[in-house]
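Enquirer: A single structure is presented below for examination.
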DNA sequence: ATCAATCATGATAATAATTATCATTATCAT
DNA sequence: ATGATAATGATAATTATTATCATGATTGAT
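Protein chains in written order, with our numbering: chain A, 1 to 147; chain B, 1001 to 1147.
Encoded structure:
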């Protein structure tokens, strides 16, 4: 859908691949395009079923392997809600974001709050921690589901 | 360890049991005491191995069933980090709290920040959501592990 | 105290998501 | 082209958790 985004993602991916003992693969590009096009938070299974329309030979194991690779090099992110299935989403070039999740329909909205981030730093410092990352998920009911 | 806490917990539990078709069980009290005494974030397996010293007949299924019951009636809480094992902790009478987690040693510190809660409410409202709950986990390195 | 109804439990089978294994195929530097 | 090694598909293995089911415990009515 967004050509620039795909190009930027492949650039990052290629750099990552060339900086370590990895090799090119066409299938990774098919998976990448599907992930970027959907622009949703997908499970590995969902992505697999989308991708199979383009290349029926791609197996579920490759989906998992590839998503891990994408997450390692920063072009996708992972979201796990309460010990259940992990969902993957394009994270390229986006600032770190948190999630607002509708507990009725499952919709996920990305949110950003620099204010919260600062408070988090302070809390960590007060407890002697060096902060590495965080996860903030807000659960509620979206406007559609309130009707 | 803390007798008042145990008494308060059993009161809540008894009320809960009597308010629906449930029956008394001694084993639940053994599990409750172990959970309160440890005062840590335990996996079901960890709690099971602690509890077996008191009553070797308690099986892992009962641990899971009982922890779910405790969480339902508010005397324990659940914490799941990134799709892995769920940990359970005493939540009785504690205000809602977030977690500060050491990524080296696994230590979990409870934190409270009214400021963050308010910002969350605002973010939810801005996106048309009614907020129900949230989960905030900060990942970092604790003072011990920085040495 | 007895009894019947039904909840609680232990052992274990089942499930679901993810990862590991391994034989085969593709890539890449020479 | 070739040899080394990464990528892949199919599937076995793993892990945490839940469901099943036969048995034992609790409760309320008699």
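Don't be surprised by glycine CBs; every beta carbon is placed ideally from N, CA and C. Bear in mind that the values here come from a model prediction, so they are computed numbers and not experimental data.
Can you name the residues of chain A whose CB is closer than 8 Å to the CB of residue 1134 of chain B?
Expert: By one-based count along the second chain, residue 1134 of chain B stands at place 134. Neighbours of residue 1134 of chain B on chain A, chain order: 136, 137, 138, 139.
Enquirer: Please decide whether residue 92 of chain A counts as near chain B, where near means a Cβ-Cβ distance under 7 Å.
Expert: Here residue 92 of chain A refers to the residue found at position 92 when the first chain is read from its first residue. Judged by the 7 Å Cβ criterion, residue 92 of chain A is not in contact with chain B.
Enquirer: If you follow the beta strand (DSSP E) that residue 58 of chain A is in, where does it begin and where does it stop?
Expert: For the purposes of this step, residue 58 of chain A is taken as the residue at position 58 of the first chain. Element bounds for residue 58 of chain A: n/a, residue is neither H nor E.
Enquirer: Give me the Cα-Cα distance between residue 160 of chain A and residue 89 of chain A, rounded to the nearest whole angstrom.
Expert: In the structure as shown, chain A starts at 1 and stops at 147, and residue 160 of chain A therefore has no counterpart that could be examined.
Enquirer: I'd like to know if the region 1009-1022 of chain B and the region 1046-1057 of chain B are in contact, where contact means that at least 3 CB-CB pairs between them fall below 8 Å.
Expert: The region 1009-1022 of chain B is not in contact with the region 1046-1057 of chain B.
Enquirer: With a threshold of 7 Å between beta-carbons, can residue 1124 of chain B be considered close to chain A, or not?
Expert: Along the second chain, read from residue 1 onward, the residue named residue 1124 of chain B stands at position 124. Closer than 7 Å: yes.
Enquirer: By how many angstroms is the C-alpha of residue 136 of chain A removed from the C-alpha of residue 1036 of chain B?
Expert: Looking up residue 1036 of chain B in the second chain gives position 36. Looking up residue 136 of chain A in the first chain gives position 136. If you take the alpha carbons of residue 1036 of chain B and residue 136 of chain A, they lie about 27 Å apart.
Enquirer: Does residue 135 of chain A come out as helix, strand or coil in the three-state DSSP assignment?
Expert: Residue numbering aside, residue 135 of chain A sits at position 135 when the first chain is read from its first letter. It is a strand residue.
Enquirer: Cα separation between residue 126 of chain A and residue 1086 of chain B?
Expert: For the purposes of this step, residue 126 of chain A is taken as the residue at position 126 of the first chain. For the purposes of this step, residue 1086 of chain B is taken as the residue at position 86 of the second chain. Their Cα atoms are separated by approximately 27 Å.
Enquirer: Output yes if chain A places a C-beta closer than 7 Å to the C-beta of residue 1070 of chain B; else output no.
Expert: By one-based count along the second chain, residue 1070 of chain B stands at place 70. Cβ-Cβ to chain A under 7 Å: no for residue 1070 of chain B.
Enquirer: From residue 144 of chain A to residue 7 of chain A, what does the alpha carbon distance come to, in whole angstroms?
Expert: By 1-based counting over the first chain, the position of residue 144 of chain A is 144. By 1-based counting over the first chain, the position of residue 7 of chain A is 7. Cα to Cα, the separation comes out at about 35 Å.
Enquirer: In chain B, which residues lie with their C-beta within 8 Å of the C-beta of residue 111 of chain A?
Expert: Sequence index remark: in the first chain, residue 111 of chain A carries index 111 (1-based). Correct list: 1123, 1127.
Enquirer: In chain A, which residues lie with their C-beta within 7 Å of the C-beta of residue 1119 of chain B?
Expert: Stepping through the second chain from its first residue, residue 1119 of chain B is reached at position 119. The contacting residues are 113, 115, 116.
Enquirer: Name the chain A residues whose beta carbon is nearer than 8 Å to that of residue 1100 of chain B?
Expert: What you label residue 1100 of chain B is simply residue 100 of the second chain in a count that begins at 1. Result: 123, 124, 127, 129.
Enquirer: Starting from residue 119 of chain A, trace the alpha helix (DSSP H) in both directions and tell me its first and last residue.
Expert: As a working note, residue 119 of chain A is residue 119 in the first chain. Here the alpha helix (DSSP H) through residue 119 of chain A covers 114-126.
Enquirer: From residue 1064 of chain B to residue 19 of chain A, what distance separates their C-alpha atoms?
Expert: Residue numbering aside, residue 1064 of chain B sits at position 64 when the second chain is read from its first letter. Residue numbering aside, residue 19 of chain A sits at position 19 when the first chain is read from its first letter. Each residue's alpha carbon lies about 45 Å from the other.
Enquirer: May I have the straight-line CA-CA distance separating residue 1161 of chain B from residue 130 of chain A, to the nearest angstrom?
Expert: Only positions 1001 to 1147 of chain B appear in this structure, which leaves residue 1161 of chain B out of reach.
Enquirer: Using the rule of at least 16 other Cβ atoms within 10 Å of the residue's Cβ for burial, across every protein chain shown, is residue 30 of chain A buried or exposed?
Expert: Within the first chain, residue 30 of chain A is the residue found at index 30, counting from 1. The residue is buried, with at least 16 neighbouring Cβ atoms inside 10 Å.
Enquirer: Using a Cβ-Cβ cutoff of less than 7 Å, which residues in the same chain neighbour residue 1076 of chain B once the five nearest sequence positions on both sides are dropped?
Expert: The count along the second chain starts at 1 and reaches residue 1076 of chain B at position 76. Result list for residue 1076 of chain B: 1035, 1067, 1070, 1088, 1089, 1090, 1091, in chain order.
Enquirer: Could you compute how far the alpha carbon of residue 1106 of chain B sits from the alpha carbon of residue 147 of chain A?
Expert: Within the second chain, numbered from 1, the residue matching residue 1106 of chain B stands at position 106. Within the first chain, numbered from 1, the residue matching residue 147 of chain A stands at position 147. For residue 1106 of chain B and residue 147 of chain A, the distance between alpha carbons rounds to 43 Å.
Enquirer: Measuring CB to CB, does residue 1043 of chain B end up less than 7 Å from residue 116 of chain A?
Expert: The residue labelled residue 1043 of chain B in the question sits at position 43 within the second chain. The residue labelled residue 116 of chain A in the question sits at position 116 within the first chain. Cβ distance not < 7 Å, so residue 1043 of chain B and residue 116 of chain A don't count as in contact.
Enquirer: Pick from A:134, A:45, A:21: whose alpha carbon is nearest that of residue 1098 of chain B?
Expert: By 1-based counting over the second chain, the position of residue 1098 of chain B is 98. Answer by Cα proximity: A:134.
Enquirer: Pull up the DSSP beta-bridge partners for residue 76 of chain A, would you.
Expert: Here residue 76 of chain A refers to the residue found at position 76 of the first chain. In DSSP, residue 76 of chain A forms a bridge with A:90.
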